[in-house]
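Some notes on the structure that comes next.
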Ligand code: SAH
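Numbering (the working numbering), first residue to last: 51 to 293.
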């Protein structure tokens, strides 16, 4: 089954852009995923083809019109989640990426200016999605980011299917650090344990590194991970007693 992406944007020429090369590009040519773009401006109704207007209540910038966005969305086949890239949405997670990648595809609205007329979200059941706590000039790069994260999970896109499972966030932790030859570079050597051939020691070392790095760099992730760990041993005990 092809993962079908439709992107609604004022700049369709930005697509497929980076998704046309490397693994994603090859997968697109092989039909693993497909991409359509819709020029939002084609759905403007006035003679100036305007897609935006001044904010109700005053203030700087321009707002994308709900009627034009709705007409553009209504031109796209139904049956796929409809997302709008917006810093006001929930932040995208690897868990949500996995869910999306397991579905039929996505329809993505890209904002410009100050963003969307708020009524579009309820009016067309649109889910706002953020890619992080910073402001881009438009939703296109955010859409490319979301699509890239989904596409690499599609069957057959990445070489070894297992190579994704240790990755940062999949386990609730950052991944352990990597090294490769040369063994010595500018006086720095690859940690001895990784050259020991002792897989149990290597696994233990990697686990400790992943935990330490997560605790120091991402206390938010670490807290969630510890919360889950503290809960699960007692759950396991309770299950054992019932047996
Ligand atoms: N005034 C808005 C920002 C508008 S930025 C606010 O303060 O919330 C213009 C467009 O860029 C947005 O409509 C959205 O489509 C996109 N964009 C900017 N930052 C983003 C982010 N962190 N995640 C997803 N999309 C983003």
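Glycine included, every Cβ here is placed at the ideal spot set by N, Cα and C.
Euclidean distance between Cα positions of residue i and residue j
i	j	result
residue 122	residue 83	22 Å
residue 273	residue 216	19 Å
residue 253	residue 262	14 Å
residue 236	residue 190	40 Å
residue 75	residue 85	11 Å
residue 271	residue 143	12 Å
residue 180	residue 140	6 Å
residue 199	residue 55	13 Å
residue 227	residue 65	33 Å
residue 96	residue 282	59 Å
residue 70	residue 205	18 Å
residue 209	residue 256	22 Å
residue 223	residue 279	12 Å
Beta strand (DSSP E) segment containing residue i, residue limits
i	result
residue 157	155-159
residue 59	53-59
Check: residue i C-beta below 7 Å from any heavy atom of ligand 1
i	result
residue 112	no
residue 186	yes
residue 91	no
residue 166	yes
residue 252	no
residue 160	yes
residue 105	no
Residue range of the alpha helix (DSSP H) that includes residue i
i	result
residue 177	Not the alpha helix (DSSP H): residue 177 falls in the beta strand (DSSP E), residues 177-180.
residue 267	249-267
residue 173	169-173
residue 196	190-201
Which ranges does the alpha helix (DSSP H) cover as unbroken runs of at least 4 residues, wholly within the segment 117-165, from first to last along the chain?
DSSP runs (the alpha helix (DSSP H)) wholly in the segment 117-165: 144-151.
Could you say if the segment 131-145 and the segment 185-204 meet the contact criterion of at least three C-beta pairs nearer than 8 Å?
Yes, they touch.
Run through the segment 53-119 for me and flag every whole beta strand (DSSP E) of 3 or more residues, listed as ranges in chain order.
The DSSP assignment places 53-59 and 83-89 as complete runs of the beta strand (DSSP E) inside the segment 53-119, in order along the chain (cut-off: 3 residues).
Three or more beta-carbon pairs under 8 Å between the segment 99-111 and the segment 162-170, yes or no?
Pairwise C-beta distances place the segment 99-111 in contact with the segment 162-170, as three or more of them are shorter than 8 Å.
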